[in-house]
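Number of protein chains: 2
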Amino acid sequence: MLENHDLLKEYRKSIDNIDAALVFLLAERFRITRKVGFYKKEHDLPPGDPEREEQQIARLKELSKTADLDPEFSRKFLKFITEEVIRHHQRIRDYS
Amino acid sequence: MLENHDLLKEYRKSIDNIDAALVFLLAERFRITRKVGFYKKEHDLPPGDPEREEQQIARLKELSKTADLDPEFSRKFLKFITEEVIRHHQRIRDYS
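This is the structure we're talking about:
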């Protein structure tokens, strides 16, 4: 007999809602980093900023503890996002 | 003369706020996928579900268009998260 998996469907509905929220937050984040990219180009600043990234990692690790999220995952997550942002900044610098 | 970069600081303040929101949303998402992991173990379901993942990717790509986010980035983002989730599910299956 096939199981209904109603509880699994319930969990997945919540995951889908959270993912939608994540997409819209990420979109807003890239709207801002796009402005940062143009600002950096205008002021001749490099696309990446290791000191700022260090501060962000430290801050997110602290927040992760409060949220009960694996701090190492937060670090990887920020790295994943930052690599995309730096690619955008390079494109802005080179082609805009 | 050193520049103040006040505008850059403003942008970064917004980015920091968004990152905090992302951390707490991700923490909530992992709270739910953890329950999914136990559910799957209990019902002898595999840690990954390619059909579900296909549906998630298609849905996030649609949402990305509305949000003006690169759909390809959304796909990579979901893949990044899902890989972590599957690792968690495997751990739950093997050690819980």
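Protein chains in written order, with this note's numbering: chain A, 3 to 98; chain B, 3 to 98.
The beta carbon of each residue, even a glycine, is placed where N, CA and C say it ideally should be.
These numbers come from a predicted model, not from an experiment.
Among the options, which one has its Cα closest to the Cα of residue i?
i: A22/A; options: R14/B, K37/B, G39/B, L65/B; result: L65/B
i: R61/B; options: E5/A, E12/A, I20/A; result: I20/A
i: D70/A; options: F79/B, R33/B, K67/B, E86/B; result: R33/B
i: Q57/B; options: V25/B, H7/B, F40/B, R77/B; result: R77/B
i: K67/A; options: L28/B, S16/B, D8/B; result: L28/B
i: S2/A; options: R36/A, K81/A, R54/A, P73/A; result: Nothing can be reported for residue 2/A: it is not among the residues displayed for chain A, which extend from 3 to 98.
i: V25/B; options: V38/A, D18/A, F79/A; result: F79/A
i: E55/B; options: F82/B, D46/B, E44/B; result: F82/B
i: P73/A; options: Y41/A, N6/A, I59/A; result: I59/A
i: R14/B; options: R31/A, R14/A, D18/A, E86/A; result: R31/A
i: H45/B; options: V87/A, F75/A, E5/A; result: E5/A
i: R95/B; options: V87/B, G39/B, L9/B, K11/B; result: G39/B
i: E12/B; options: V87/A, Y41/A, T84/A; result: Y41/A
i: H168/B; options: S16/A, D18/A, K43/A; result: What the structure shows of chain B is the stretch from 3 to 98, and residue 168/B is not part of that stretch, so it cannot be assessed.
i: K63/A; options: D18/B, L9/B, L10/B; result: D18/B
Go to residue i, then tell me how far its alpha helix (DSSP H) extends in each direction, as first and last residue.
i: L28/A; result: 8-44
Please give the ranges of any alpha helix (DSSP H) in the segment 51-89 of chain A, keeping only runs that are unbroken, at least 4 residues long and fully inside the region.
52-69
Are the segment 44-58 of chain A and the segment 86-93 of chain A touching, with three or more C-beta to C-beta distances below 8 Å?
yes
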